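Chemist: Keeping their order, the protein sequence lines are chains D and R. Taking the working numbering, the leading residue of the first sequence gets 108, the next gets one more, and so forth. Taking the working numbering, the leading residue of the second sequence gets 108, the next gets one more, and so forth. We put the CB at the ideal spot given by N, CA and C, even for glycine. All of these numbers come straight from a predicted model, not from anything done at the bench.
There are 2 protein chains.
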Amino acid sequence: MITSKRTAQATPEALHRIFTIAEAPDSTLGRIEQEISHNLIGFLNNRIVASKNALTDIEQDFICPRIPEQPEFVSDHIHHLLDKLVAQSVHTASPSFIGHMTSALPAFILPLSKLMVGLNQNLVKVETSKAFTPLERQVLGMMHNLVYQEDESFYQAWMHSAQHSLGAFCSGGTVANITALWVARNKLLKADGDFKGITRSGLFAALQHYGYQDLVILTSERGHYSLQKSADILGIGQDSVIAIETDENNKIDCQKLAQKCQQLSAQNIKILAIVGVAGTTETGNVDPLDKIADIAEQYQCHFHVDAAWGGATLLSNKHRYLLNGIERADSVTIDAHKQMYVPMGAGVVVFKDPSSVADIEHHAEYILRKGSKDLGSHTLEGSRSGMAMLVYASLHIISRPGYEMLINRAIDKAKYFAKIINEHEDFELVTEPELCLLTYRYVPTSVQRLLSAADAEQQAELNLILGKLTKFIQKRQRENGHSFVSRTRIKVACYNDEKVIVFRVVLANPLTSKETLRDILAEQCLLAQESENFLPQLLAAAKV
Amino acid sequence: MITSKRTAQATPEALHRIFTIAEAPDSTLGRIEQEISHNLIGFLNNRIVASKNALTDIEQDFICPRIPEQPEFVSDHIHHLLDKLVAQSVHTASPSFIGHMTSALPAFILPLSKLMVGLNQNLVKVETSKAFTPLERQVLGMMHNLVYQEDESFYQAWMHSAQHSLGAFCSGGTVANITALWVARNKLLKADGDFKGITRSGLFAALQHYGYQDLVILTSERGHYSLQKSADILGIGQDSVIAIETDENNKIDCQKLAQKCQQLSAQNIKILAIVGVAGTTETGNVDPLDKIADIAEQYQCHFHVDAAWGGATLLSNKHRYLLNGIERADSVTIDAHKQMYVPMGAGVVVFKDPSSVADIEHHAEYILRKGSKDLGSHTLEGSRSGMAMLVYASLHIISRPGYEMLINRAIDKAKYFAKIINEHEDFELVTEPELCLLTYRYVPTSVQRLLSAADAEQQAELNLILGKLTKFIQKRQRENGHSFVSRTRIKVACYNDEKVIVFRVVLANPLTSKETLRDILAEQCLLAQESENFLPQLLAAAKV
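1) If you follow the alpha helix (DSSP H) that residue 657(D) is part of, which residue opens it and which one closes it?
2) Along the chain, where does the beta strand (DSSP E) that runs through residue 606(R) open and close?
3) Counting along the chain, where does the beta strand (DSSP E) carrying residue 547(R) start and finish?
4) Do you know offhand how far residue 549(R)'s Cα is from residue 564(R)'s?
5) Let me know the secondary structure DSSP gives residue 537(D) once reduced to three states.
6) Taking all protein chains shown into account, decide if residue 510(R) is buried (16 or more other Cβ within 10 angstroms of its Cβ) or exposed.
7) For residue 195(D), does the count of other Cβ atoms within 10 angstroms reach 16, so buried, or fall short, so exposed?
8) DSSP on residue 592(R), reduced to helix/strand/coil?
9) Are the beta-carbon atoms of residue 136(R) and residue 495(D) separated by less than 8 Å?
10) So, residue 192(R) versus residue 238(D), is the Cβ gap smaller than 8 Å?
11) Does the distance from the CB of residue 350(R) to the CB of residue 386(R) come in under 8 Å?
12) The alpha helix (DSSP H) spanning residue 219(R) covers which residue range?
13) Applying the criterion that 16 or more other CB atoms from any shown protein chain within 10 Å of the CB defines a buried residue, is residue 119(R) buried or exposed?
14) Would you report the Cα separation of residue 355(D) and residue 526(D), rounded to the nearest angstrom?
15) Starting from residue 277(D), follow the beta strand (DSSP E) in both directions and report where the run begins and ends.
16) Determine, for residue 191(R), whether the minimum Cβ-Cβ distance to residues of chain D falls below 8 Å.
17) Only counting the same chain, and skipping five residues up and downstream in sequence, which positions put a Cβ closer than 6 Å to that of residue 585(R)?
18) Exposed or buried, what is residue 138(R) when buried is set at 16 or more other beta-carbons lying within 10 Å of its beta-carbon?
19) Among 397(D), 205(D) and 542(D), which residue has its Cα nearest to the Cα of residue 416(D)?
20) Could you check the C-alpha separation between residue 160(D) and residue 323(R) for me, to the nearest Å?
21) So is residue 515(D) in contact with chain R if we call contact Cβ pairs under 8 Å?
22) What whole-angstrom Cβ distance do residue 609(R) and residue 537(R) have, given they're in contact under 8 Å?
23) Check whether the Cβ atoms of residue 617(R) and residue 123(D) lie closer than 8 Å to each other.
24) 8 Å is my cut-off, CB to CB: does residue 521(R) come that close to chain D?
25) Do you know how far the Cα of residue 629(R) is from the Cα of residue 647(R)?
26) May I ask you to report which of helix, strand or coil DSSP gives residue 212(R)?
27) Nearest to residue 272(R) by CA position, among 279(R), 264(R) and 303(R), is which residue?
28) Which residue comes first and which comes last in the alpha helix (DSSP H) that contains residue 290(R)?
29) For residue 83(R), which residues in chain D fall below 8 Å Cβ to Cβ?
30) Report the residue ranges of all alpha helix (DSSP H) runs contained in full by the stretch 329–356 of chain D; include only those spanning at least 4 residues, in chain order.
31) Start and end of the beta strand (DSSP E) containing residue 410(R)?
32) Taking the alpha helix (DSSP H) that residue 514(D) falls in, what are its first and last residues?
33) Who pairs with residue 306(R) in a beta bridge, going by DSSP?
34) Take the Cβ of residue 127(D) as the centre, count every other Cβ of all protein chains shown within 10 Å, and call the residue buried at 16 or more, exposed below.
35) Just the C-alpha distance for residue 405(R) and residue 396(R), rounded to the nearest angstrom, thanks.
36) Taking DSSP's pairing of strands, which residues face residue 383(R) in a bridge?
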């Protein structure tokens, strides 16, 4: 780090300079920018973290709660950031960072992001976004078309209509899911006779008016935690999210779902929504959406599909069938910042019916006036950036066939990984990949034999110790800094539906190679051997 | 626009290139980036829009709902964006764009934004953000300190504590306000005996358990529309947001507030929260926060301050006193993307009590495990970008004295503008600036005389026509493309509390000069004269 002898000063001239510095490549800022690029390329090499300090150590660099009284020169501060922040951040784009849903981004995203930030549009209203408003409406139209495939005249009628919207652009899948359930709730409990509707009169009055004992949301036990959060925020309560058991493939058991619906109806408990999952966060499986649609139709409740992860699969003509039935959903969440390779902050919810958003519409005197095309009149958020541009650009530059290639190759890669896990004598594949996610664990071949011979109680004990081993390997591997898989706990059918700790991987990064995957398994074997004391414990547990 | 003869193809090699293009300044992408910078500088010149097509014309460029089957070369697509999008977007950073709360940004924001996007951290959990998590916690600490000024030991104890949080970083003020009221609601209706709390059991059961007839939120009639939206989402209902009248300075009338509280208590209606406004969206006035705090204390209800706009005033030692009493608030919203000059997408809510967030905590198996320092366990949103870095960098590079200078100068500029409006015989200043906002309208001196001599009915008629004139001038000025003021409708004391249409300006852009302001008035005079037919109408209305 270069230490500056100069001292920055907060003068009117210095401030003016900060707001006006030209961006020519030979200017100070141009040089700084090149330096950042070089550092970024250096950082984005080989390792998942550039420096592997413990979090508590890193915290020591971020300890001061006082706002500085002394300004810093831009170049000095950027050196500080490279040193203390970038070097200690996570290389989410690394080919061997396969534990979460972040991936490498296309390189064109960087200059476009700068363009987006430089323009600093606010999509809440046309007055601060102009062409960005029709652009966002077009992106919503394209995402709607991806799901519902309506004909040209449908989009001509609704895409740019002031009173309608094909969806809402959100900061992420959680806000998208809340928005979908907000629409569902307000539609169900709408104005009726003297009752002014939940929007104006609230949930308490609404339930009294309609005579419902309770509202519930049904989803599989693999449903994302944002559904509980939504139920909390919307006043329905987390316990009203009823988790329906999944089958051995982590898909909702539709027979149990139908039974539950019948039982609830008999109790006069209204089903607000059934939420199908298209790509569970932990295993990547897709619920039988067509069957869920039948049930939702029968009980006349809102059918929402949380396709935050799996929605992009619709771009693949080969795998699109996995989501059959999604076109019958009333609303669908898709995160563009997941498998559509745009940066964090791009969630979308689309609605089958373009007038759905009427149930969450709001206005103000200074903006969002009735009849305006301001997008802010039907979004949960207020001010929003021009992120939709990055989705628009990606859809044009990569195109559908490009996305299909990315998605098909990711699924193939997951199948390859499953295959080498199956072939390896010391690993156990826990969930097969349907999309590009899978889970597995390290179980030495000798212990595999013990497990299959053991009774339920012994199995439970063995799995407890194996869980500790999985945790040990996962943590140690992360700390080594070459690769990262995540871990989770899931119910496993062959172990009496016991919850078992497993490695979880997401293979969306196009730069992850087969070699990367082989290396990750090899490192895990080595780490397992480093911890010799697990084997005696396992043998003792099996009472051998 | 350069038309390419080449045709892009979706091949594995082309896709690989898209994800790996080096960023050296002499590469294709480097050249594209320079071109974008040059275009951006060209665009960010003089005018508020580069091309002034009507929205319906622009929509014709954004009409296709199909996802392209044919990929585009990056350079071709960027030319398309510059041509169809950038040229038709809004120059929110223009010195003469003074109608909304967007401003020029410091130039260092651009390379830092690129760094942020390039790193693509996800702040929901430490595993995908590492040093960004302590950084965000420090930023929340600094913002907390700005409001509450607790001592060093307080921040040492709570800033990095896994079970606590000094606030939440949000995509904007709306999510910040919802989060604050969500916390207030869940705290008020917490678990109690057999009752499991609203979080689990929902609002209906909670109100029954506590025996409340209703919950209400009190705020001034100048409160932001996001409060109604929050009440809708949280299940309380928009009608439960009770608007208390403001005085002649657009500040909540505390006597009326106290009366209303007393009346509600007598009816067994529980006050969930009183929301003070620190910088109303339309006029920039600050409620008497200290007096509101007294009332909130008396009725033991949550005291929230919506300082989305005005919170940054705390950085000015000179003007900080305007917000006296804010340190008694249970929660405070501040938008860094407003008067702290960072790009769209940086809202903050801070909590006086670091354990407040316990009431909205949630967990999941694969992340947000209990005891982790994952920020996602107490935010409304899930995946979030590293925006906090831009606030951190701005606080260090600009520093408090730098911000003070920006804020003081903005207020001085607003006072100057008020002065020249007052001195001009054909303008009427409607609201005096307290922060850097003011409202005014064009009223020819002859009509001013008519107005003061008129009875209430005549005044109403005159104001109706003057409203049309204001609207005419505002629209025409926007269409001319040199400058932009917004308009709104506000209640005006001297006209029997009638709602009157006014120009609204926000003078936060440091590049706006006194000359800009004089030019804007001059243009408005010219536009008024273009519309000769308003004067006869006005005279007729006054029955002269």
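Modeler: Taking the coordinates as given:
1) Any property of residue 657(D) remains undetermined from this structure, which presents chain D solely from 108 to 651.
2) 605–613
3) 544–549
4) 20 Å
5) strand
6) buried
7) buried
8) coil
9) no
10) yes
11) no
12) 216–226
13) exposed
14) 19 Å
15) 274–277
16) yes
17) 591
18) exposed
19) 542(D)
20) 48 Å
21) no
22) 5 Å
23) yes
24) no
25) 27 Å
26) coil
27) 264(R)
28) 280–295
29) Outside the displayed span of chain R (108 to 651) sits residue 83(R), for which this structure offers no information.
30) 333–340
31) 409–413
32) 506–530
33) Answer is none; residue 306(R) lacks a bridge partner.
34) exposed
35) 14 Å
36) 412(R)
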